[in-house]
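In the numbering used here, the protein residues as written are -8 to 430.
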């Protein structure tokens, strides 16, 4: 088998195949494994090496498949450390917390609403009960039939929540999936609400990796794969999948070909669309794969500041009402490498994320908005000097537009021995982000 793509989806596929005695070649375009959860080495202005990533990743407690994959290299999951809270910050000092809630529905919802400073009794009396009840009755088939053509914005409008409560309790959550609520399936939003909150007995708390992904996860995972006979073809890009004497051949650059009995396509939406379009042998996949689209751009900005943030700041906080800013991470408060860098400079390693950005907005405007928003949220950072920085503007996360579910491809494809893996595939159960990629 050839697995194309060395991110979470491709690595999980390669692990499972190799453990079952299948000969596997894992093809990865980059020099490192991990895909969107990968890391690579860069140097700060003073020459200090550090590992840069595509942004903060939360390992929620109910990510069963992700955690099972990590246990291959760390049975005790000692590479993870817990974050006790996931505060949401709003304008005017508004704060919400998901820690300490009951783990059963509807007790978790009731407790959240009763203790929330954003919700008043009069707000609850205005809520449309019929619309609200659909949150508690998610069905992996019927919900999509009923609500996939509806936008998340239309659904949330129909709840009739007060603006402040909606902003603090729903807008942050909806934006976390890289899609704007005006172009996001309401059914997909409810699936995520079920997966992360209503159907999640672990609660909306998570763990994070203690050290960079490259050292904590991917180098040990590469050793695990090689020990089980997996051939890793890094710095190779799959150009096409062809039929060859009753088998398949994956064509790489420079005329290189890999003959195989089956193929796992485990790359991003842009890459899988390009690969299928270039492969007549995969023509039967074009209807489903061709329907896939990408969400708007997102930004990851890591700032190395010359002074620390206030001690009361959380290691990670979601934000709403702060311009384009969706969350703030203080890396030195949970990651060893960043802690060592901050210790040497006396500063802080701050990462800002902005999701579903306006497509016409240029990098300079995005930077200006994110920095101003950081200064509003954490005023002490306004006096800080930026010692170094890394700014990433990417667009390869899957869109879940209204009406897209019916054509969305699943794991199995019309071509025997060719399967799909990734965070965009249709699954018979709710799942999201990293967990969806490995399910």
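Cβ atoms here follow ideal geometry from the backbone N, Cα and C, with glycine treated the same way.
Boundaries of the beta strand (DSSP E) harbouring residue 250: 248 to 251, taken from the DSSP string.
Taking the Cα positions, residue 91 is about 21 Å away from residue 84. Counting along the chain, residue 73 sits inside the beta strand (DSSP E) bounded by residues 71 to 74.
With respect to the C-alpha of residue 352, the residue from 333, 320, 315, 375 having the closest C-alpha is 315. DSSP assignment within the stretch 263 to 319 yields the following whole beta strand (DSSP E) runs of 3 residues or more, N-terminal first: 289 to 296, 307 to 310.
Taken in chain order, the complete beta strand (DSSP E) segments of 3 or more residues contained in the stretch 347 to 416 are 377 to 385, 409 to 411.
DSSP places residue 326 outside both helix and strand once states are collapsed to three, so it counts as coil. Residue 399 holds the alpha-carbon nearest to the alpha-carbon of residue 179 among 410, 399, 430.
Taking residue 254 as the centre and dropping the five residues before and after it, the same chain places the C-beta of -7, 232, 239, 409 closer than 6 Å to its C-beta, in chain order. In the DSSP assignment, residue 5 falls within the alpha helix (DSSP H) that extends over -1 to 10. Note on geometry: alpha-carbon atoms of residue 73 and residue 402 lie some 32 Å from one another. Between the stretch 201 to 219 and the stretch 96 to 111, the count of C-beta pairs closer than 8 Å stays below three; the two stretches do not touch. When the five nearest sequence neighbours on each side are left out, the beta carbons in the same chain lying within less than 6 Å of the beta carbon of residue 256 are those of -5, 263, 411, in order along the chain. Distances from the CA of residue 397 to each of 138, 60, -1, 199 were compared; the closest alpha carbon is that of 138. By DSSP's assignment, residue 51 forms a beta bridge with 197. Using a 10 angstroms sphere on the CB of residue 354, the tally of other CB atoms stays under 16, which defines it as exposed. Of the candidates 192, 120, 260, the residue whose Cα lies closest to the Cα of residue 94 is 192. The alpha helix (DSSP H) runs lying completely inside the stretch 114 to 184 and spanning 4 residues or more are 120 to 127, 133 to 138, 143 to 150, 154 to 157, 163 to 166, 177 to 184, given in chain order.
One alpha carbon belongs to residue 405, the other to residue 416, and they sit about 14 Å apart. According to the DSSP secondary-structure assignment, residue 234 is paired through a beta bridge with 239. Sequence-distant Cβ neighbours of residue 335 in its own chain, meaning closer than 8 Å and more than five residues away, are 39. Pairwise C-beta distances place the stretch 218 to 232 in contact with the stretch 5 to 17, as three or more of them are shorter than 8 Å.
Across the structure, residue 44 and residue 384 are spaced so that their CA atoms are roughly 12 Å apart.
Distances from the alpha-carbon of residue 235 to those of 248, 243, 228 put 248 closest.
Its chain contains 88, 89, 90, 196, 305 as the residues whose beta carbon lies nearer than 8 Å to that of residue 76, once the 5 sequence neighbours on both sides are disregarded; these appear in chain order.
Secondary structure note for residue 18: its beta strand (DSSP E) is the uninterrupted segment 16 to 19. Contact between residue 428 and residue 418 is ruled out by a C-beta separation of about 11 Å, above the 8 Å threshold.
For residue 34, the enclosing beta strand (DSSP E) stretches over residues 30 to 34.
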